[in-house]
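In our numbering, the protein residues as written are -14 to 228.
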């Protein structure tokens, strides 16, 4: 059973799918918008990248493909889409994985019906946690299981920290990366850390919704497992674990 916290630290959850061999007409984004606007009425677009072009007499900078963005009324949920990718971002308050997955499946089905992707290339999930410890001076080992090794005799009270590691995931064939970094404290007397856990499942197979959802479940399980292994009991007290 997953642990439950009254004050969970998650501030953003993200799931992205990359496709190949899409066949739909990408001039009909209006049709896609009409099907999702009940939950995502705000829309805009951003350039996905920048393309530099040079000639003997001049140079130019041209935006490449645009990312279509569809935003919920409370600005807490965002769909981003291109002809070869679909992403769902959820900011806090986060109501749990099953609810997040339901929203993702709804958008995925509309996308696949509209743009007919043939192949599923990669699924990625990312959970970003903001952790506020109500102390300025403390032993990081009391709160985190992922810390730099401090030689004996040197204080383990760390003022600034950045640690990034790749970890063998619980469920194989996934790529799992963990980043723990400190940030400027917010109110006086507190210390702020960001724990960023990223899971990617590379695959190149025929488009199949069941395979995508299985990869999503596995990625979530990998992230949840490593999160619980990397935090100590004092952090569970900060998060107010429900016993």
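Cβ coordinates follow ideal geometry from the N, Cα and C atoms, glycine included.
In this structure, DSSP gives residue 75 an extended state, which the three-state scheme calls strand. A distance below 8 Å separates the beta carbons of residue 201 and residue 86.
For a cut-off of 8 Å, the C-beta gap from residue 112 to residue 64 is around 18 Å, too long to register as a contact.
Between residue 119 and residue 81, the gap from beta carbon to beta carbon reaches 8 Å or more. Residue pairing from DSSP places residue 29 in a beta bridge opposite 54. It is roughly 40 Å from the alpha-carbon of residue 155 to the alpha-carbon of residue 16. With 16 or more neighbouring CB atoms inside 10 Å of its own CB, residue 178 falls in the buried class.
Under the three-state reduction of DSSP, residue 103 is assigned to strand. Per DSSP, residue 69 lies in no alpha helix (DSSP H) and is assigned neither H nor E. Taking the Cα positions, residue -12 is about 38 Å away from residue 101. Looking at the backbone, the Cα of residue 176 and that of residue 222 are separated by about 15 Å.
Taken through DSSP and simplified to helix, strand or coil, residue 7 comes out as strand.
Closest option to residue 191, judged by alpha-carbon separation, among 96, 73, 5 and -9: 5. Taking all protein chains in view, the Cβ of residue 153 is surrounded by fewer than 16 other Cβ atoms within 10 Å, so the residue is classified as exposed. DSSP places residue 132 outside both helix and strand once states are collapsed to three, so it counts as coil. DSSP places residue 123 in no alpha helix (DSSP H); its state is neither H nor E. Of the candidates 125, 209, 19 and 129, 19 places its Cα closest to the Cα of residue 55. For residue 118, the secondary structure class from DSSP, reduced to helix, strand or coil, is strand. With a threshold of 16 other beta carbon atoms within 10 Å, residue 110 meets it and is buried.
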